[in-house]
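Here is the structure we will look at, set down as structure tokens.
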Amino acid sequence: MSMEVIRPGLLSTVQDEGRTGYRRYGIHPGGVMDTFAARAANMLVGNSRHAAVLEMTMTGPELQFQESQLISLCGADLTATVDHLHVPLWRPVLVRAGSVLKFGQCRHGLRGYLAFAGGIAVPEVMGSRSTDLKTGLGGLEGRALRVADLLSTGEPSDEAQGWMQRMEKHAEKSDSGRRILAPAWFLSERERPDYYGQPVIRVMESKDSSLFSEGSLGQFYTEKYVLSPQSDRMGYRLQGSRLELDQALDRLSEAVTYGTVQVPPDGQPIILMADHQTIGGYPVIAQVARVDMPILAQAKPGTRIAFKQITQDQARELYMEQERNIQLIDKLIRRRMAEMEGVQ
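Quick note: the sequence shown, position 304, residue 304 per UniProt numbering, numbers continuous.
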């Protein structure tokens with residue numbers, strides 16, 4: 001199955017959960033920015049969590065479907081339509097052959113994730129299909145989508161194939177002629193991160209926290225920082241009260257990771273994101289709890305962000321709780337696919 005790119009959108013790239021095991025060579029994991037939305041999108045079409053999806057920033061592409069395809073859209077609301085019909089978020093949707101998927105205004109969030117049953121079929125590079133724009137690795141020739149590209153998919157899972165066949169039969173019996181079909185069920189707001197509130201990001205202190213002045217630590221946890229337009233997949237630059245050390249720091253670079261909060265000499269913190277470097281020499285004031293990284297991934301420039309300190313044990317328990325919930329949701333989705341509940 002394949003889709004032709006009519007328009008590429010602002011920044012549309014093939015991504016998966018990233019490439020691991022290459023940090024010692026200076027290669028960061030990369031991968032999707034919003035790990036929850038991408039994983040949910042894959043679950044909704046019967047894929048494994050490792051399947052490649054399309055990550056879309058602010059505006060999505062225009063795609064023409066050459067064959068009927070099971071898709072799902074999660075994350076940001078980019079006002080998707082198929083042949084002028086609204087495409088709902090957070091649920092599987094069967095798109096009929098010949099249809100055109102378009103995106104409009106970004107209503108909420110920043111990054112949308114489009115999953116196809118079977119995943120996007122591009123070659124693996126170092127164990128991943130993710131696009132690294134800086135090095136030109138992975139995805140479609142290491143770049144964003146272009147006009148006339150063809151997106152091919154892999155073999156859908158047995159659950160997805162069975163669900164698609166039953167949906168097609170339902171359409172034939174009802175003789176509705178609709179270009180899209182979707183079940184009545186979906187992932188509710190309580191089943192996904194709080195994307196739309198004022199972000200309060202939970203962080204853990206680092207070994208460098210004690211190097212900052214007492215006043216700076218107080219500012220970091222009591223004041224809000226504004227997400228700068230000079231932010232990208234590598235790092236989020238924040239604007240707010242200047243953070244200062246009690247004394248100058250002189251050391252070699254150390255390992256950094258997704259969610260590390262560095263403070264460069266200008267005193268304005270930077271949160272490292274998916275395409276972060278593997279080492280850094282700036283002092284680290286905190287580490288974002290992994291469970292809250294999807295919320296950051298959906299924050300637009302200008303968003304005011306507050307920080308709340310938690311312990312490592314609390315961060316671990318929050319992550320384990322989210323993981324348990326995701327696994328339960330995955331089982332529920334597969335059961336619903338097998339039961340073929342009512343469509344809309």
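Yeah, the Cβ is synthetic: ideal placement off N, Cα and C, and Gly gets one too.
The structure displayed is predicted, hence computed values, not measured ones.
Item, Value
"Boundaries of the beta strand (DSSP E) in which residue 56 is found, first to last residue", "53-57"
"Residue 30 beta carbon less than 8 Å from that of residue 18", "yes"
"Rounded straight-line distance, which links the Cα of residue 273 to that of residue 280", "13 Å"
"Whole-Å CB distance - residue 226 paired with residue 240, under 8 Å assumed", "6 Å"
"Beta-carbon proximity check, residue 199 vs residue 41, cutoff 8 Å", "no"
"Straight-line gap, residue 4 to residue 63 (C-alpha atoms, nearest Å)", "6 Å"
"Length of the line joining the Cα atoms of residue 109 and residue 284", "27 Å"
"Selection from 217, 260, 288, 157 that minimises the alpha carbon distance to residue 246", "217"
"Residue 335: first and last residue of the uninterrupted alpha helix (DSSP H) it sits in", "312-339"
"Neighbour-count burial assignment, residue 147, 16 or more Cβ in a 10 Å radius", "exposed"
"Local conformation of residue 204 per DSSP, three classes", "strand"
"Other residues of its chain near residue 155: CB distance less than 8 Å, five sequence neighbours each side excluded", "118"
"Residue 133 and residue 92 closer than 8 Å at C-beta", "no"
"Whole-angstrom distance between residue 105 and residue 180, CA atom to CA atom", "21 Å"
"Residue closest to residue 208, alpha-carbon to alpha-carbon, out of 141, 182, 250", "250"
"Proximity winner among 292, 339, 303, 301, relative to residue 309 (alpha-carbon distances)", "292"
"Residues bridged to residue 180 (per DSSP)", "95"
"Span of the alpha helix (DSSP H), counted from its first residue to its last, around residue 299", "Here residue 299 belongs to no alpha helix (DSSP H), and DSSP marks it neither H nor E."
"Host beta strand (DSSP E) of residue 235 (start-end)", "235-239"
"Residue 145 versus residue 184 - alpha carbon distance", "32 Å"
"Residue 301 to residue 82 span [Cα, whole Å]", "29 Å"
"Backbone CA spacing between residue 192 and residue 127 [nearest angstrom]", "28 Å"
"Proximal residues to residue 75 (C-beta, below 7 Å), its chain only, five neighbours per side dropped", "34, 37, 109, 111, 112, 113, 298"
"Buried or exposed (CB count within 10 angstroms, at least 16 for buried), residue 158", "exposed"
"CB contact below 8 Å: residue 224 versus chain C", "The structure shown contains no chain C, having only a single protein chain."
"Reduced DSSP category for residue 277 - H, G, I as helix; E, B as strand; rest coil", "coil"
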